[in-house]
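Asker: Sending over a structure as structure tokens; questions will come in a sec.
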Amino acid sequence: MTGDRTPGLRIVPMRFTDACGFVAMWHRHHGAPVGCKFCVGVADDANVLRGVAIVGRPVARFLDNGLTLEVTRTAADGTPNVNSMLYGAAWRAAKALGYRRLITYTQHGETGASLRAAAWRVVAERPARPGWTCPSRPRAATGTEGIPRTLWEAS
């Protein structure tokens with residue numbers, strides 16, 4: 126993974142609260158998730174945080190088998206190579222903790238260039254859902270309903 130050797134950038138540990146603050150500032154269409162297993166960041170030579178990844182249990186219950194994690198958010202300030210560094214670091218950390226699979230999703234219209242650069246692969250195309258609300262568990266609309274998604278897996 127060449128993204129890890131980007132001059133002037135390095136992987137740094139992150140606290141969940143700090144990662145959530147960064148996501149609130151920089152993520153295009155989601156807020157921060159409610160929890161995580163771990164977070165990583167990328168900082169530059171001046172110790173300025175350039176991006177974060179939050180990794181947690183899979184959102185889809187049928188994927189939550191104890192050996193799978195999901196990158197639930199990444200956010201970056203536009204600095205080149207940051208997202209691919211985050212995806213690569215997240216997979217190395219997950220493997221080091223004993224996990225066997227790491228997944229994430231992109232929305233229709235997102236290229237997945239950072240994921241490809243980090244050697245991730247497309248696993249499935251998911252159709253658009255009308256939303257996540259149901260009578261037994263009503264949920265507020267998030268603005269991302271009705272958008273097809275692509276499921277990716279680290280390799």
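Residue numbers (our numbering): 126 to 280.
Yeah, the Cβ is synthetic: ideal placement off N, Cα and C, and Gly gets one too.
None of the values given here were measured: they were computed from a predicted structure.
#1: What are the start and end residues of the beta strand (DSSP E) that includes PHE163?
#2: In angstroms with no decimal places, state the Cα-to-Cα distance between ILE228 and PRO138.
#3: Go ahead and pull the three-state DSSP assignment for ARG225.
#4: Along the beta strand (DSSP E) that carries ARG153, what are the first and last residues, could you check?
#5: Would ALA209 be called buried (16 or more neighbouring beta carbons within 10 Å of its own) or exposed?
#6: For ARG241, which of GLY213, ALA253 and SER261 has the nearest alpha-carbon?
#7: Is it true that the CB of GLY176 sits closer than 8 Å to the CB of VAL184?
#8: Where are the alpha helix (DSSP H) runs, 4 residues long or more, that stay fully inside the segment 228-254, in chain order?
#9: Between which residues of its own chain and PRO273 is the CB-CB distance below 8 Å, once the five residues before and five after are set aside?
#10: Is the CB-CB distance between GLY181 and PRO158 below 8 Å?
Answerer: By the coordinates alone:
#1: 163-169
#2: 20 Å
#3: coil
#4: Careful: ARG153 lies outside any beta strand (DSSP E) and carries neither H nor E.
#5: It is worth fixing the name first, because residue 209 is Ser in this sequence and not Ala. SER209 is buried by the Cβ-count criterion.
#6: GLY213
#7: no
#8: 238-242
#9: GLN232, HIS233, GLU250, ARG251, PRO252 and ALA253
#10: yes
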